[in-house]
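Residue numbers (my numbering), protein chains in the order written: chain A, 54 to 480; chain B, 26 to 301; chain C, 2 to 350.
No residue lacks a Cβ here, since even glycine has one placed at the ideal position from N, Cα and C.
Source: prediction; values computed, not measured.
Data first, discussion second: the structure below is written as structure tokens.
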Amino acid sequence: MAQALPNDGVMRAADGTPLKVALARAGRAERLKAVALVLPLFAFIIFSFVVPIFIMLYNSVYDPDVAENMPRTVLALKTWDGKDLPPEEVFAAFVADMKTAQQNKQTALIGKRLNYEMSGIRSKVVATGRKIGSIEAAPYRDQVIAIDKVWGQPETWATIKRSSSDYTPFYILSMLDLRQTPDGSIEAVPADRAIYRSILARTLGISLLVTLLTLVLGYPVAYLLATSPQRTASILMIFVLLPFWTSLLVRTTAWMVLMTDGGVFAGLLHFTGITWFLNLTGVLNGEPQLFKTRFATVVAMTHIQLPFTLLPIYSVMKTISPTYMRAAKSLGGTPFYSFLRVYMPQTLPGVAAGCLLTFILCLGYYITPAIVGGPTDQMISGFIERAINSENNWGKASALGVILLTATLILYYVYNKLVGIDRMKLG
Amino acid sequence: MAVPAYYTRGETVIYYAVRVFVALVLLFLIAPILAVMPLSFNSESFFTYPMPGLSLKWYDDFFFNPRWSGSVKMSFLVAIATTILATALGTLAALGLARANFPAKATVMAILISPMIVPVIISAVGMFKFYASLDLVGTRLGIILAHTALATPFVVITVTATLASFDRTLMRAGASCGAAPHTVFFKVVMPLILPGMISGALFAFVTSFDEVVVVLFLASPEDRTLPLQMFSGIREMISPTITAAATVLVLISTAMLVALELLRRRSERLRGVAPG
Amino acid sequence: MKKFATLLGVALLAGSALGAAQAYAADELTITSWGGAYQEAQRKSQFEPYIALGNKITEAEYTGEIAKIRAMVEAKAVTWDVVSVDSQTVLAGCAEGIFETIDWNKLGLDRANFLGSDVTDCGLPTDLYSTVVAFDTTKTKEPADLFEALYDTAKYPGKRALQKNPYMNLEWALMADGVAPGDVYKVLGTEEGVDRAFKKLDTIKKDVVWWDTGAQGPQLLADGQVVFASSWNGRFYKAIMADSKPFKIIWDRQAPDTEFWAITKGTPKLEEAYRFVSFAGQPKQQAEQANNIPYGPSNKDSMALVKPEILPHLPTAPANLNTVFYADQQFWADKGDELRERFNAWLAQ
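Here you go:
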């Protein structure tokens with residue numbers, strides 16, 4: 054720090070500038086330097102990570118397929134009151150649009166988009182596209198309806214009109230098992246199609262269960278690790294850190310191998326008499342099926358997440374001085390009572406940190422349920438993957454992404470407030 | 026392990042119960058990883074004990090089948106490039122963040138750490154779409170950039186942790202002795218934060234080396250990484266080569282663990298903390 | 002100065018790693034197929050002879066998802082140059098413009114000489130395979146001859162392995178529910194018909210293990226995890242012949258279909274792709290594939306080169322054709338997406 058010399062009541066730096074100014078200048082330079090150091094990474098993360106995610110999520114409301122491929126129809130429908138069948142010029146525009154779309158092989162895309170809101174129309178659009186070339190002159194309306202009677206229903210045109218905006222609430226709504234009726238009001242989808250709320254509930258449920266299990270299993274281990282003599286603790290720590298450093302895929306593979314029917318885990322259940330007991334009590338009939346079940350999913354996830362819950366608790370417990378416990382005991386508390394009233398409350402910050410971290414990470418699980426879980430054990434991430442790789446529905450994938458990301462970011466915010474990310478510890 | 030003399034009978038029971046419970050939990054943690062290893066020496070292609078015979082054929086497949094050995098090479102290439110990039114970017118950022126009154130520090134930090142928190146499927150899908158528009162899908166550069174984004178939070182966190190206990194007067198001391206800023210960095214700062222950098226680098230390496238979801242979307246078929254090869258192997262046809270691969274990966278993570286532990290001891294010794 | 006040199010060294014290392022990453026950019030033809038025994042047969046009959054001529058090939062596997070091909074074409078990031086596709090995929094993909102229209106002159110092959118070449122303009126027919134159900138003869142008390150056994154859990158208790166895809170599962174469900182084979186698609190074309198099929202599937206849902214890849218069906222059967230499994234006839238043949246598994250194929254209501262080589266639209270390796278497809282269509286290659294897996298070759302000149310012991314195992318062998326079911330591939334090309342989405346939702350419930 055610059056050395057100040059007393060002079061006319063103003064503190065001055067060695068070069069004679071007032072200390073206040075010099076400090077401010079130094080502070081500014083310091084800050085600039087700091088910003089310059091952080092900038093490369095910050096720019097990199099924004100460019101390679103934040104921007105791609107926002108562009109992707111934008112797809113959950115951005116929906117140009119109909120507007121781009123049926124521009125004339127969309128324009129003609131603007132003045133349609135939506136009551137009866139649209140006027141002849143709409144049909145004329147429709148024929149023109151469909152001819153272009155057929156040429157550019159875009160009818161499947163239009164059909165796919167309309168089908169999200171009107172089940173079964175995709176094949177009709179594609180079939181209409183194949184036949185549209187036969188319509189050469191007016192009047193168009195009856196000829197179009199002759200190709201498929203779906204074009205004679207006002208709801209079809211209402212659906213097209215509704216999908217003609219560049220933006221749609223459709224995907225987000227459908228991920229909440231809601232939909233817009235042709236007249237614009239919002240209603241619940243039929244029960245046999247309503248799956249997304251239950252998938253969200255399932256994701257939260259599995260995450261919560263795994264978090265609780267890791268806490269119940271991890272807390273005593275953390276306690277023993279933190280209070281054992283250093284030498285014992287270091288050895289025990291290997292049992293925690295080796296799984297922590299082993300890849301998620303390897304551990305999931307291990308569980309897959311162990312949980313196959315007739316595999317090691319089933320043998321263990323048999324050997325310990327648990328299979329016999331479960332059969333006796335009627336819970337089970339014959340050998341248990343473990344692979345591709347909720348049970349396998351939860352066990353494998355608990356195994357993978359246990360160190361994430363345990364380590365923050367452990368590092369908090371390490372800082373608790375044993376003198377508190379001694380004081381409690383010397384004041385007459387039984388070990389159990391002192392533990393409950395004196396020790397446990399002090400470990401709560403670690404419990405919060407560990408459990409929140411595990412819960413956040415659980416929400417995003419994809420690989421483990423995909424490998425050891427069955428179709429009814431897949432979580433939101435699995436449905437995002439399926440929406441893209443098997444249904445090619447980016448709107449749906451993005452809407453699911455919005456829901457998953459919102460849940461994650463809320464918890465991340467809580468974590469940040471409660472624990473502070475700069476205090477996050479690894480290993 | 027003796028019970029303190031003043032414990033009541035009930036407390037003695039609890040004392041032992043806790044220890045038995047902890048032993049079982051530790052067994053639960055380690056047993057699956059160990060149980061899968063012997064199966065990689067099975068002479069038959071199924072996953073049950075007792076094994077009818079021993080064989081090294083799955084290791085032969087792992088090391089000499091170009092699909093597997095190629096994927097190992099690919100994984101190392103990507104992980105090493107990722108480690109270098111992530112360590113450089115992450116360390117610089119951590120140094121900047123550690124300086125006093127950094128503007129909007131909490132927000133910046135939250136953004137820099139977010140790749141670790143955001144579900145990886147979201148990152149992967151977003152990157153697929155965006156990188157495709159830059160012609161980066163199916164290139165190794167694309168995978169390296171994506172992995173670097175996922176790996177930097179670990180470097181930022183570990184280096185920040187080292188800097189928290191770093192005595193900044195040492196830098197001033199260096200400067201006041203007439204050393205130029207970069208000399209101060211290399212002669213004073215670097216040796217002290219090196220353990221943090223190396224453990225961050227290890228985390229970055231492992232993050233990239235184990236990552237499968239992003240590669241699932243970004244990798245071209247000829248650029249399969251080891252986890253991708255394992256994952257598609259699991260979905261395709263469960264060959265015991267997967268258990269051989271798993272065993273090799275466990276050995277690698279054991280080496281990482283040992284390296285990290287040695288570093289931790291060195292760093293504590295350097296800072297004068299009583300060695301563990 | 003030394004430090005500077007170190008820094009420079011690190012920078013160079015990073016640079017060269019990135020450079021290597023760039024330089025390795027794809028220069029090999031990537032061929033994607035269905036994995037397992039089928040791809041093995043393609044490898045022996047087509048890939049390896051083609052590589053022996055001095056060409057380079059990278060193989061990839063998929064499980065028939067047209068969505069993946071669409072995503073590549075839409076993103077303009079085509080990494081699969083040539084793909085092995087079934088009829089419904091090539092029909093749907095051709096209509097959407099995600100496959101190249103085949104220029105038969107460029108292939109140097111006579112289109113009229115290929116069975117099934119009239120199905121589409123976007124593919125070279127390779128073979129005729131069939132979707133079938135098989136069972137483990139040691140696990141059932143009496144042998145099953147009819148496909149209805151799949152739904153008869155009282156007489157044939159145990160799990161069933163079915164493909165995680167509505168194709169043929171809906172058809173079998175409706176036929177098991179009493180719909181005449183000729184009416185299946187009329188029924189399936191209506192909302193009520195689809196509901197009816199899923200209702201029937203509901204009756205065995207808890208007994209089903211779903212598989213993704215063709216190899217898994219026979220493997221689940223071999224591991225004794227299921228009593229019945231659906232798959233493609235060649236996969237079971239492999240398990241029966243090569244691994245001497247006690248499996249028996251139920252030819253009743255088998256669903257034959259043509260397989261194609263298709264070229265992905267926008268591939269940067271169009272010329273190489275044509276060269277490979279042309280090579281793969283040669284009589285010798287197609288016959289050699291049939292000798293490795295019993296799927297009938299599409300090239301009419303190939304049949305004479307197929308080993309006689311393979312013939313009774315082809316889907317087209319007269320003894321297997323008695324109660325054949327011809328699936329409507331155009332129906333699936335049009336409605337596949339809708340039904341798959343419905344099926345996925347049903348699975349998740």
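- C/V91 is positioned such that its CB atom lies no closer than 8 Å to that of C/T265.
- Here C/W211 carries a strand assignment [DSSP, helix/strand/coil].
- With respect to the 8 Å criterion, C/S231 and C/V133 are classified as neighbours on the basis of their beta carbons.
- Here the alpha carbon of A/T411 sits roughly 21 Å from the alpha carbon of B/F46.
- Of A/L231, A/T325, A/S368 and A/T221, the smallest CA-CA separation from A/V404 is found for A/S368.
- Contact fails between the region 152–167 of chain B and the region 196–205 of chain B, because fewer than three Cβ pairs, one in each stretch, are under 8 Å apart.
- With contacts defined by Cβ atoms closer than 8 Å, B/A186 and A/S101 do not form a contacting pair.
- Of the candidates C/T204, C/L175 and C/K207, the residue whose Cα lies closest to the Cα of C/E193 is C/L175.
- Counted as a single uninterrupted DSSP element, the stretch harbouring C/D244 is not any beta strand (DSSP E), since DSSP gives it neither H nor E.
- Proximity of chain C to A/D314 at the Cβ level (cut-off 9 Å) is accounted for by D224, G225 and Q226, in chain order.
- Restricting attention to beta strand (DSSP E) runs no shorter than 3 residues, the region 253–334 of chain C encloses none.
- Within the same chain, Cβ atoms closer than 6 Å to the Cβ of C/L108 are found at S279, the five residues on either side in sequence being excluded.
- Per the coordinates, the alpha-carbon of A/W308 lies some 9 Å from the alpha-carbon of A/F344.
- Cβ neighbours of A/T325 within its own chain (closer than 8 Å, five residues either side excluded): none.
- Residues of the region 440–463 of chain A that bring their beta carbon within less than 7 Å of a beta carbon in chain C comprise I441, N442, S443, E444 and N445, in sequence order.
- Residues of chain B whose Cβ lies closer than 8 Å to the Cβ of A/S300 are, in chain order, V231, F234, D235, P252, L274 and S278.
- Of C/F326, C/V84, C/F237 and C/W173, the smallest CA-CA separation from C/G65 is found for C/V84.
- Flagged as an interface residue toward chain C: A/G173, by a C-beta distance shorter than 8 Å.
- Here A/I259 carries a helix assignment [DSSP, helix/strand/coil].
- Restricting attention to C/D111, C/L110 and C/L202, the CA atom closest to the CA of C/Y152 is found in C/L202.
- Setting aside the 5 residues that flank it on each side, C/K270 is surrounded in the same chain by L30 and D82, each with a C-beta closer than 6 Å to its C-beta; the list follows chain order.
- Flagged as an interface residue toward chain A: C/W211, by a C-beta distance shorter than 8 Å.
- Between B/A118 and A/L457, the gap from beta carbon to beta carbon reaches 8 Å or more.
- Taking a beta-carbon distance threshold of 8 Å, C/K165 does not count as an interface residue toward chain B.
- Judged by pairs of C-beta atoms under 8 Å, the region 428–445 of chain A touches the region 339–359 of chain A, as three or more such pairs exist.
- Unbroken alpha helix (DSSP H) runs of no fewer than 4 residues, entirely contained in the region 301–377 of chain A, are found at 301–312, 317–324, 327–333 and 347–372, following chain order.
- Where B/Q254 is concerned, the enclosing alpha helix (DSSP H) starts and stops at L251 to E261.
- A/M354 is outside the set of residues whose beta carbon lies under 8 Å from a beta carbon in chain B.
- A straight line joining the alpha-carbon of C/V307 with that of A/I213 spans about 54 Å.
- For A/R246, the residues of chain C that pass the 7 Å Cβ criterion are A346, in the order they occur in the chain.
- Annotated as distal: B/M62 and B/R249, with beta-carbon spacing of 8 Å or more.
- Excluding sequence positions up to five before and after C/P284, its CB lies within less than 7 Å of the CB of N300, D302, S303 and L306, all in the same chain and listed in chain order.
- A/E444 sits away from A/Y419, with the two beta carbons spaced by 8 Å or more.
- Pairing B/L219 with B/F101, the inter-Cα distance amounts to about 23 Å.
- Unbroken alpha helix (DSSP H) stretches of 4 residues or longer found wholly inside the region 148–215 of chain B: 165–189, 194–201 and 206–209, given in chain order.
- Per the coordinates, the alpha-carbon of B/L227 lies some 10 Å from the alpha-carbon of B/T183.
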